[in-house]
Amino acid sequence: MSDFVETKSKFFLPKGVIYLDGNSLGPLPISAQKRVEHTLNNEWGEMIVTGWNKAGWMEQPNKVGNRIARLVGAAENTITVGDTLTIKVFQALASAVKHQRNRKILLTDSSNFPSDIYAAQGLVNMMGPDYALNIVPTDKLIENINENVAAIFFTEVDYKTGRRYETQNILTAAKKSGALVILDLAHSAGAIDTNLTELDVDLAVGCTYKYLNGGPGSPAFTYVNPKLINSLDPCLSGWLGHEKPFDFSLQYNPAVGIDRMRIGTPPVIGLAALEASLDIWDKVNISDVRRASIDLTEQFIKGVERYCPMLSLITPRNPKNRGSQVSFSFQNGYAAMQACIEHGLIGDFRAPDVMRFGFTPLFIDADDVERAIAILARIMSRELWQDPKFQKRKKVT
Ligand SMILES: Cc1ncc(COP(=O)(O)O)c(C=O)c1O
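In this note's numbering, the protein residues as written are 167 to 563.
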């Protein structure tokens with residue numbers, strides 16, 4: 167049984183703030199400060215370059231990958247960590263296309279995160295006129311799977327609406343046709359109970375700065391199904407994916423297993439901060455997180471719909487069909503969110519009119535949700551968002 171009172175005490179949460187934006191950037195685990203300091207002083211400082219061997223920096227990506235594996239239902243040694251998510255997306259797409267040889271279409275949906283789509287556009291442009299990216303409405307993904315589709319890629323929980331996709335149905339259709347499936351777990355890892363092994367997913371990628379609380383710009387991860395890994399060409403092939411990086415051979419020979427998806431030098435300091443968060447995650451059961459998250463999102467939806475009739479829910483009402491965020495559309499959503507932030511309720515805004523609120527049982531409880539509803543109700547009923555100071559758009563929304 168997970169102890170969410172205990173986990174909440176492990177995060178630094180600024181006084182007077184209700185933080186409903188862990189779906190964008192998780193808060194600071196208190197122990198990360200000491201953990202990073204240790205890496206800076208005792209490892210980088212004292213060991214300098216010998217830290218690669220003495221402190222085990224080179225093994226960090228797979229050690230951390232194994233700790234994430236437990237949270238997404240993956241087996242040992244199927245996940246490696248490093249680089250950023252867009253790079254991982256590009257590598258996964260390229261590997262899948264290369265593996266499929268005569269299939270020339272990448273299939274995704276128009277609700278996917280733009281960076282994933284841009285990565286695919288870049289890849290398809292580079293591959294030449296025989297290759298194409300097919301972008302279809304989410305509900306038309308399955309009917310667009312055919313024998314020309316090399317891979318289907320989608321973000322399992324929609325970053326705007328919080329809708330959870332019917333992953334199993336898409337996978338079943340893809341398998342029938344021989345297409346590979348690549349899942350983006352950016353809004354799943356640490357949020358819902360995805361089980362990559364049970365689903366028999368081909369490839370998956372995800373980030374660690376959202377629900378996994380690894381800190382701004384913390385590294386991303388790649389999962390590859392063990393049945394597939396040794397026949398996959400990493401395409402974005404770097405020296406650390408080589409079977410013998412320190413032979414410095416001019417010929418690229420991929421390592422056996424998930425190591426082949428490694429690219430370059432591990433981000434040691436970022437990984438140290440992430441390890442501090444995983445110390446908290448190690449004591450938590452993801453099915454408890456899912457249950458608690460459903461309770462919190464239900465409570466929030468009920469309260470907001472009761473007190474803020476001017477907001478329209480765009481997240482599925484059935485908890486089965488949503489992740490761990492709740493979104494409302496409101497024409498003046500940007501200004502309303504700025505007003506919320508000034509009044510101590512932090513969520514965020516996605517164009518054109520979406521107010522997003524993320525729910526993370528590790529540090530959000532029912533009292534926080536009650537207070538969040540009260541703040542939002544006051545702002546909406548008194549139209550506090552009308553203040554001109556809330557109208558000016560900042561760079562990051
Ligand atoms: C679903 C999804 N994919 C890709 C990205 C881009 O990730 P990065 O900026 O780490 O490359 C994000 C960022 O929020 C995301 O939510």
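C-beta: ideal position from N, C-alpha, C; glycine also.
- Three or more pairs of CB atoms, one per stretch, sit closer than 8 Å, so the segment 340-347 contacts the segment 298-317.
- DSSP, read as helix, strand or coil, puts V315 in strand.
- Remark: the shortest separation between the CB of S281 and any heavy atom of ligand 1 falls under 7 Å.
- Cα atoms of G188 and Q199: separation of roughly 19 Å, rounded to the nearest angstrom.
- Cβ neighbours of F466 within its own chain (closer than 6 Å, five residues either side excluded): V492 and V535.
- For Y284 and D368, the gap between their C-alpha atoms comes out near 21 Å.
- Proximity to W405 across L191, M224 and L194 peaks at M224, based on C-alpha coordinates.
- When the Cα atoms are used, F279 and V422 turn out to be separated by approximately 31 Å.
- Between ligand 1 and the CB of D350, the shortest heavy atom gap is smaller than 7 Å.
- In the DSSP assignment, G372 falls within the unbroken beta strand (DSSP E) covering L369 to G372.
- Here the distance from the Cβ of A517 to the nearest heavy atom of ligand 1 is not below 7 Å.
- Taking 3 residues as the minimum length, the beta strand (DSSP E) runs contained wholly in the segment 503-542 are 514-516 and 520-524, in order along the chain.
- Here R522 is buried: its Cβ has 16 or more other Cβ atoms, across all protein chains shown, within 10 Å.
- With a cutoff of 7 Å, H353 counts as near ligand 1, since its C-beta is closer than that to a heavy atom of the ligand.
- A Cβ-Cβ distance of about 6 Å is found for the pair L179 and Y185, placing them in contact under the 8 Å criterion.
- Under the three-state reduction of DSSP, D275 is assigned to strand.
- For N310, DSSP assigns no beta-bridge partner whatsoever.
- Around the C-beta of D282, 16 or more other C-beta atoms lie within 10 Å, and the residue is accordingly described as buried.
- Between the segment 200-220 and the segment 541-557, the count of C-beta pairs closer than 8 Å stays below three; the two stretches do not touch.
- The beta carbon of H408 sits closer than 8 Å to the beta carbons of S415, Y418, N419, P420 and A421 from its chain, once the five residues preceding and following it are set aside; these are given in chain order.
- Secondary structure note for T463: its alpha helix (DSSP H) is the uninterrupted segment I452 to Y473.
- When the alpha-carbon of D553 is set against those of G489, A258, P527 and Q504, the nearest one is in Q504.
- Look at P392 here: in three-state DSSP terms it is coil, with no helix or strand label.
- Excluding the 5 residues flanking it on each side, S168 has same chain C-beta neighbours closer than 6 Å at V450, N451 and D454, in chain order.
- Counted as a single uninterrupted DSSP element, the stretch harbouring V263 is not any beta strand (DSSP E) but the alpha helix (DSSP H) occupying residues L251 to Q266.
- With contact defined as three or more Cβ pairs closer than 8 Å, the segment 213-222 and the segment 389-396 are not in contact.
- According to the DSSP assignment, L191 belongs to no beta strand (DSSP E), since it is labelled neither H nor E.
- A contact between stretches requires three or more CB pairs, one per stretch, nearer than 8 Å, and the segment 345-358 meets this requirement with the segment 252-269.
- For A386, the Cβ falls inside the 7 Å cut-off from some heavy atom of ligand 1.
- Note on geometry: alpha-carbon atoms of R456 and V302 lie some 29 Å from one another.
- Excluding the 5 residues flanking it on each side, K181 has no same chain C-beta neighbour closer than 7 Å.
- With 16 or more neighbouring CB atoms inside 10 Å of its own CB, N228 falls in the buried class.
- Taking C-beta atoms as the reference points, L191 and K306 fail to come closer than 8 Å.
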